[in-house]
Amino acid sequence: MLLNIVKFIKNLFSSTKLGIFLLLVIVLVAIAGTLVEQGKPVQYYYDLYGSATAGWIVKLSIDKIFGSLWMIIPTSLLIVNLIYATLSKLPVMIKSVALPKKFHHNSKINDNVLIKDKDIAIEKSSTVLKSYHYKIYTLEDGSLFAHKGVISRFGAVVVHLSILIVLLGALLGAIYGYKNYIAIDSGDTEPVPEINASIKVDRFWMNYWPDGSIKQYNSKLSIIKNNKVVHTQTIDVNHPMDYAGMRFFQAGYGKSYDKIKEAVMVLYDRQKKNVVGEPVVAQWNKWRTIGPYDIKIVDFVPDFYFDAKKGYVTSKSLEYNNPAVRLQVKGPKATPPFIWEFLKYPGFTLKSFGGKDAVIVSSITPIYYTGLQYAKNPGANWIWFGSVIMVIGFIMSFFMYYRRIYITVDDEEKSLLIAGVSYKQKDLFAKEFKKICNTLKKVEEK
Amino acid sequence: MIFSLMFFDVAFGFYVAAAISYAAYSLFRKEWIGYNSTLLFFLGFLSNIATLTARTVEVHHAPFSNLYESMIFFSAIVALIYLILEFRYKTKMFGVFLSVFLSLSFFVTNLLPFRMKVYENLNPALQSYWLEIHVATMFVGYSAFAISFIAAVLYLAKSEWHNGLMLKYLPNASVLDNLSYKSIAWGMPFLTVGIATGAVWANYTWGSYWSWDPKETWSLITWLIYAAYLHARITRGWKDKKAAILAIAGFLSMAFLYWGVSFVLPGLHSYGRA
Ligand code: HEM
Numbered sequence: 001m002l003l004n005i006v007k008f009i010k011n012l013f014s015s016t017k018l019g020i021f022l023l024l025v026i027v028l029v030a031i032a033g034t035l036v037e038q039g040k041p042v043q044y045y046y047d048l049y050g051s052a053t054a055g056w057i058v059k060l061s062i063d064k065i066f067g068s069l070w071m072i073i074p075t076s077l078l079i080v081n082l083i084y085a086t087l088s089k090l091p092v093m094i095k096s097v098a099l100p101k102k103f104h105h106n107s108k109i110n111d112n113v114l115i116k117d118k119d120i121a122i123e124k125s126s127t128v129l130k131s132y133h134y135k136i137y138t139l140e141d142g143s144l145f146a147h148k149g150v151i152s153r154f155g156a157v158v159v160h161l162s163i164l165i166v167l168l169g170a171l172l173g174a175i176y177g178y179k180n181y182i183a184i185d186s187g188d189t190e191p192v193p194e195i196n197a198s199i200k201v202d203r204f205w206m207n208y209w210p211d212g213s214i215k216q217y218n219s220k221l222s223i224i225k226n227n228k229v230v231h232t233q234t235i236d237v238n239h240p241m242d243y244a245g246m247r248f249f250q251a252g253y254g255k256s257y258d259k260i261k262e263a264v265m266v267l268y269d270r271q272k273k274n275v276v277g278e279p280v281v282a283q284w285n286k287w288r289t290i291g292p293y294d295i296k297i298v299d300f301v302p303d304f305y306f307d308a309k310k311g312y313v314t315s316k317s318l319e320y321n322n323p324a325v326r327l328q329v330k331g332p333k334a335t336p337p338f339i340w341e342f343l344k345y346p347g348f349t350l351k352s353f354g355g356k357d358a359v360i361v362s363s364i365t366p367i368y369y370t371g372l373q374y375a376k377n378p379g380a381n382w383i384w385f386g387s388v389i390m391v392i393g394f395i396m397s398f399f400m401y402y403r404r405i406y407i408t409v410d411d412e413e414k415s416l417l418i419a420g421v422s423y424k425q426k427d428l429f430a431k432e433f434k435k436i437c438n439t440l441k442k443v444e445e446k
Numbered sequence: 447m448i449f450s451l452m453f454f455d456v457a458f459g460f461y462v463a464a465a466i467s468y469a470a471y472s473l474f475r476k477e478w479i480g481y482n483s484t485l486l487f488f489l490g491f492l493s494n495i496a497t498l499t500a501r502t503v504e505v506h507h508a509p510f511s512n513l514y515e516s517m518i519f520f521s522a523i524v525a526l527i528y529l530i531l532e533f534r535y536k537t538k539m540f541g542v543f544l545s546v547f548l549s550l551s552f553f554v555t556n557l558l559p560f561r562m563k564v565y566e567n568l569n570p571a572l573q574s575y576w577l578e579i580h581v582a583t584m585f586v587g588y589s590a591f592a593i594s595f596i597a598a599v600l601y602l603a604k605s606e607w608h609n610g611l612m613l614k615y616l617p618n619a620s621v622l623d624n625l626s627y628k629s630i631a632w633g634m635p636f637l638t639v640g641i642a643t644g645a646v647w648a649n650y651t652w653g654s655y656w657s658w659d660p661k662e663t664w665s666l667i668t669w670l671i672y673a674a675y676l677h678a679r680i681t682r683g684w685k686d687k688k689a690a691i692l693a694i695a696g697f698l699s700m701a702f703l704y705w706g707v708s709f710v711l712p713g714l715h716s717y718g719r720a
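Residue numbers (this note's numbering), protein chains in the order written: chain A, 1 to 446; chain B, 447 to 720.
1. Evaluate PRO41 (chain A) with the Cβ neighbour count: other Cβ atoms within 10 Å of its Cβ, from every protein chain shown; 16 or more gives buried, anything less gives exposed.
2. Along chain A, which residues have their Cβ under 7 angstroms away from the Cβ of MET634 (chain B)?
3. Decide if TYR449 (chain A) is buried, meaning its Cβ has at least 16 other Cβ atoms within 10 Å, or exposed.
4. For LYS17 (chain A), decide whether its Cβ has a neighbour in chain B, counting only Cβ atoms nearer than 8 angstroms.
5. Got a sec? Which residues, its chain only, sit under 6 angstroms from VAL157 (chain A) by beta carbon, not counting five neighbours each side?
6. Do the segment 222-231 of chain A and the segment 255-275 of chain A make contact, defined as three or more Cβ pairs closer than 8 angstroms?
7. Taking 7 angstroms as the cut-off, is the CB of LEU24 (chain A) close to at least one heavy atom of the ligand HEM?
8. Please report whether the beta-carbon of SER574 (chain B) lies at a distance below 8 angstroms from any beta-carbon of chain A.
9. For the segment 427-445 of chain A and the segment 474-481 of chain B, state whether three or more C-beta atom pairs, one from each stretch, are separated by less than 8 angstroms.
10. So, using beta-carbon positions, are LEU703 (chain B) and THR668 (chain B) closer together than 8 angstroms?
11. For the segment 146-175 of chain A, which residues have a CB atom closer than 7 angstroms to at least one CB atom of chain B, in sequence order?
12. Run through chain A and tell me which residues come within less than 7 angstroms of HIS677 (chain B), C-beta to C-beta.
13. Give a single yes or no on whether SER397 (chain A) has its beta carbon closer than 7 angstroms to a heavy atom of the ligand COA.
14. Any beta carbon of chain A sitting closer than 8 angstroms to that of TYR655 (chain B)?
15. Does TYR717 (chain B) have its Cβ less than 8 angstroms from a Cβ in chain A?
16. Hey, how far is the Cα of ASN377 (chain A) from the Cα of LEU28 (chain A)?
17. Using only alpha-carbon positions, find the residue among B:HIS506, B:PHE488 and B:PHE591 that is nearest to ALA631 (chain B).
18. Among B:LEU600, B:PHE697, B:TYR672 and B:GLY653, which has the Cα closest to the Cα of PHE21 (chain A)?
19. With H, G and I counted as helix, E and B as strand and the rest as coil, what does DSSP make of GLY371 (chain A)?
20. Express the C-alpha separation of VAL128 (chain A) and LEU440 (chain A) in angstroms, rounding to a whole number.
21. I believe PHE552 (chain B) touches TYR655 (chain B) by the beta-carbon criterion, under 8 angstroms. Please report the beta-carbon distance rounded to the nearest angstrom.
22. When the Cα of THR189 (chain A) is compared with those of A:ARG404, A:LYS272, A:TYR369 and A:GLU445, which residue comes out closest?
23. Using a Cβ cut-off of 7 angstroms, pull out every chain A residue sitting near TYR650 (chain B), in sequence order please.
24. Closer than 7 angstroms to a non-hydrogen atom of the ligand HEM - does that hold for the CB of GLY447 (chain A)?
25. Measure from the C-beta of THR439 (chain A) to each C-beta in chain B and report whether the shortest distance is under 8 angstroms.
26. Quick check: THR314 (chain A) and TYR305 (chain A), are their CB atoms within less than 8 angstroms of each other?
27. Confirm the yes/no value for this check: CB of PHE591 (chain B), any heavy atom of the ligand HEM, distance under 7 angstroms.
28. Can you check DSSP and say which residues form a bridge with ASN207 (chain A)?
29. Could you check which residue in A:HIS239, A:VAL237 and A:ALA244 has the C-alpha nearest to that of VAL230 (chain A)?
30. May I ask you to check if the CB of ARG517 (chain A) is nearer than 7 angstroms to at least one heavy atom of the ligand HEM?
31. Can you confirm whether ALA720 (chain B), when its beta carbon is compared against all beta carbons of chain A, has any partner nearer than 8 angstroms?
32. Using a Cβ cut-off of 7 angstroms, pull out every chain B residue sitting near ALA30 (chain A), in sequence order please.
33. Under 7 angstroms from any heavy atom of the ligand HEM, does the C-beta of ARG475 (chain B) make it?
34. Using only the heavy atoms of the ligand HEM, determine whether one of them is closer than 7 angstroms to the beta carbon of ARG561 (chain B).
35. Taking 7 angstroms as the cut-off, does the CB of ARG247 (chain A) come closer than this to any heavy atom belonging to the ligand HEM?
36. Leaving out five residues before and five after ASN274 (chain A) in sequence, what residues of the same chain have Cβ atoms less than 8 angstroms from its Cβ?
Structure representation (structure tokens):
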């Protein structure tokens with residue numbers, strides 16, 4: 001009983017049918033994974049499918065199907081099946097190509113060639129087969145066994161091995177892979193603990209096509225270690241930077257949400273209701289004189305919001321919906337030391353200034369941040385290696401083929417009996433066989 | 447744009463004419479009609495190549511960066527493979543199916559939005575040699591699978607109805623089966639290289655080689671179906687009809703991978719829609 005079960009399982013796992021079945025199961029799971037969007041918040045499924053269906057989707061992990069047991073179980077069985085089936089076929093394969101066989105009359109293709117002298121005839125045939133790149137063995141009874149394309153018998157083994165290599169790479173990636181994202185304002189330096197150094201974005205810029213659409217995003221990066229620049233490189237969307245086992249990608253960009261480059265301001269006379277003097281450009285966090293005042297930009301929010309309860313200013317979003325800068329002001333008249341100025345509402349805070357003067361911010365120049373994705377992928381090279389091996393295996397399986405030729409002298413010693421076998425590419429072999437026999441005939445006639 | 451659009455129409459015209467001519471040849475079996483059919487098809491192929499060449503000159507990049515360009519590229523490879531087959535197997539009987547297939551392919555390409563037909567700037571992620579290798583190999587794979595699909599359908603028809611209709615003029619069933627297998631044997635390594643170079647490109651651009659986006663997933667599905675096909679053929683009892691059905695399923699999956707995913711499912715590869 002137990003023995004029967006063991007035998008059943010052994011048979012099952014050595015069979016190609018289980019393999020086909022498992023491949024098709026994975027196909028179905030993968031299709032399900034493209035029909036239901038993956039990795040969305042639970043709410044998404046409730047809105048789209050209603051609570052009953054969504055409940056099942058979440059319970060059965062259909063929303064994360066590719067990392068779930070739905071995928072892991074058939075893949076694991078496939079690996080076991082693959083290894084077991086390949087290994088159990090291997091001895092048979094080796095045997096089938098390693099041992100010279102006796103002459104088979106019932107081989108697939110046959111021909112015969114008239115001869116004059118049996119001793120020379122075999123020798124001559126040997127030369128002919130050699131010229132067709134066959135490997136030749138002389139058997140005990142004096143007949144010839146020749147074969148070619150032995151390597152192709154192992155094509156399937158190579159393909160299967162390569163699949164294991166690719167899956168190993170995927171596994172390594174899943175276990176040891178690492179991925180993170182950091183946004184750094186142009187000009188700023190941020191520590192990146194994973195590489196034990198800091199990254200400074202010297203500059204972020206875009207190139208444009210003649211029609212104004214974006215051609216490329218670029219960041220010039222410096223790696224700083226112990227206050228020294230140890231590496232500098234410019235990356236763009238298709239040219240990442242490798243450093244300390246990590247790869248850095250240009251993954252995004254945007255306007256900084258807590259800083260600007262500079263702002264244009266002008267002095268305003270509240271009594272006369274007109275602008276006084278020329279506009280000035282103030283750099284971020286640098287004192288600038290404007291009329292009788294000294295001002296400095298000390299803060300910035302892209303979407304101003306005053307939380308009245310807590311009594312402080314925050315940003316409602318990261319969008320530039322209601323950008324505001326905070327100025328520090330020093331002046332002769334009684335002015336508050338700090339003041340928020342709104343780009344969209346230039347008159348809004350005028351009252352806050354004492355006396356007749358006010359400062360209006362008329363425009364700002366944003367700073368861009370660059371979004372760097374950084375990742376470590378120890379499995380990737382295994383995957384590339386596996387893919388190359390796989391293609392080699394395909395070529396061995398599909399474009400080479402194993403064939404044998406037997407040649408022996410018939411009982412009356414008047415002619416050579418030639419027989420050929422191939423299991424694949426029978427049409428090609430038939431042609432080659434015919435050519436070989438014709439050559440033999442010509443050689444014998446001489 | 448003018449030249450590529452013009453050659454496009456010319457190629458379309460020749461393929462349609464070839465389809466009619468091949469059909470006439472199947473009916474009347476006159477040598478000169480057969481000769482004419484091949485000539486028309488060949489002219490279609492030449493105009494197809496001219497379309498691609500003009501397009502490359504006009505847009506300054508490899509001519510397969512959107513659905514419109516890639517369809518023309520795909521058609522050219524299918525036509526080339528067919529011409530080689532006609533020469534090797536000395537049979538014109540596929541001609542009807544192939545030229546109808548190509549005419550349909552040009553017809554749907556012509557239905558694509560006009561903005562695809564005019565010059566489009568490549569977005570930054572698409573300016574990569576890996577991408578060009580990736581797309582080119584994918585399309586050689588697609589083309590081989592298209593041929594295997596036609597052969598599998600004809601094989602099923604032939605083994606179902608034997609010599610009814612016009613089927614008696616087709617090569618016999620085992621030749622069709624063999625042709626289907628051989629096309630897949632060509633398609634499989636190209637599909638594999640295509641998927642792998644796509645992964646290399648994604649890894650180089652986004653920092654991850656595989657993210658299960660629908661296009662990637664469907665390429666894997668297609669690959670798995672063809673893997674099942676290869677095994678179906680070596681397992682006794684599964685040969686022939688079941689293998690042919692898998693070959694057809696593989697092609698349908700590929701067609702969805704190529705067209706369906708771009709229009710139906712969302713994902714990274716939405717450049718097909720652009
Ligand atoms: C459960 C998994 C699998 C099992 C059990 C399995 C088993 C087998 C077996 C028993 C053979 C026949 C070997 C011979 O006698 O020459 C074979 C051949 C082959 N297998 Fe697999 N295989 C599996 C998965 C795959 C996958 C995923 C591929 C990918 C394409 C693949 C590619 C091949 C190829 C190319 C051949 C040679 C086919 C031919 O020569 O026409 N196998 N496989």
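Note that beta-carbon positions come from the ideal geometry of N, C-alpha and C, so glycine has one too.
Here's the rundown:
1. With fewer than 16 Cβ atoms within 10 Å of its Cβ, PRO41 (chain A) is classed as exposed.
2. What MET634 (chain B) touches in chain A: PHE394.
3. Nothing can be reported for residue 449 (chain A): it is not among the residues displayed for chain A, which extend from 1 to 446.
4. At least one CB atom of chain B sits nearer than 8 angstroms to the CB of LYS17 (chain A).
5. The residues are THR86.
6. Because the criterion of three Cβ pairs below 8 angstroms is not met, the segment 222-231 of chain A and the segment 255-275 of chain A do not touch.
7. No, the beta carbon of LEU24 (chain A) sits no closer than 7 angstroms to any heavy atom of the ligand HEM.
8. Yes, because at least one Cβ of chain A sits closer than 8 angstroms to the Cβ of SER574 (chain B).
9. Short answer: they don't touch.
10. Contact flag set, yes.
11. Those residues of the segment 146-175 of chain A that come within reach of chain B (Cβ to Cβ, closer than 7 angstroms) do not exist; the list is empty.
12. What HIS677 (chain B) touches in chain A: THR16, GLY19 and ILE20.
13. Absence of the ligand COA is noted for the structure shown, with the ligand HEM being the only ligands found.
14. Interface residue, yes.
15. Confidence at TYR717 (chain B) is low in this model, with a pLDDT of 37, below 50, so its placement is unreliable and the value that follows should be read with caution. Any Cβ of chain A closer than 8 angstroms to the Cβ of TYR717 (chain B) would place that residue at the interface, and such an atom is absent.
16. Computed Cα separation, rounded: 28 angstroms.
17. Selected option, being the one with the closest Cα: B:PHE591.
18. With distances taken between Cα atoms, PHE21 (chain A) lies closest to B:TYR672.
19. Strand.
20. Straight-line Cα distance between these residues: approximately 7 angstroms.
21. Incorrect: roughly 35 angstroms between the Cβ atoms, too far for contact.
22. Of the candidates A:ARG404, A:LYS272, A:TYR369 and A:GLU445, the one whose C-alpha sits nearest the C-alpha of THR189 (chain A) is A:TYR369.
23. Chain A residues near TYR650 (chain B): ASN238 and PRO240.
24. Only positions 1 to 446 of chain A appear in this structure, which leaves residue 447 (chain A) out of reach.
25. No - not a single Cβ of chain B is within 8 angstroms of the one on THR439 (chain A).
26. The Cβ-Cβ distance between THR314 (chain A) and TYR305 (chain A) falls below 8 angstroms.
27. PHE591 (chain B) has its Cβ no nearer than 7 angstroms to any heavy atom of the ligand HEM.
28. DSSP links ASN207 (chain A) through a beta bridge to A:GLN216.
29. Taking only the C-alpha atoms, the option nearest VAL230 (chain A) is A:ALA244.
30. A question about residue 517 (chain A) goes unanswered here, because the residues of chain A that appear run from 1 up to 446.
31. Residue confidence for ALA720 (chain B) is low, a pLDDT of 29 falling below 50, so the modelled location carries little weight and cannot support an answer.
32. Per Cβ cutoff of 7 angstroms: THR663, LEU666 and ILE667.
33. Relative to the ligand HEM, ARG475 (chain B) has its C-beta separated by 7 angstroms or more from all heavy atoms.
34. Incorrect: ARG561 (chain B) has no Cβ contact closer than 7 angstroms to the ligand HEM.
35. Checking every heavy atom of the ligand HEM against the Cβ of ARG247 (chain A), none is found closer than 7 angstroms.
36. Same-chain partners within the cutoff: TYR268.
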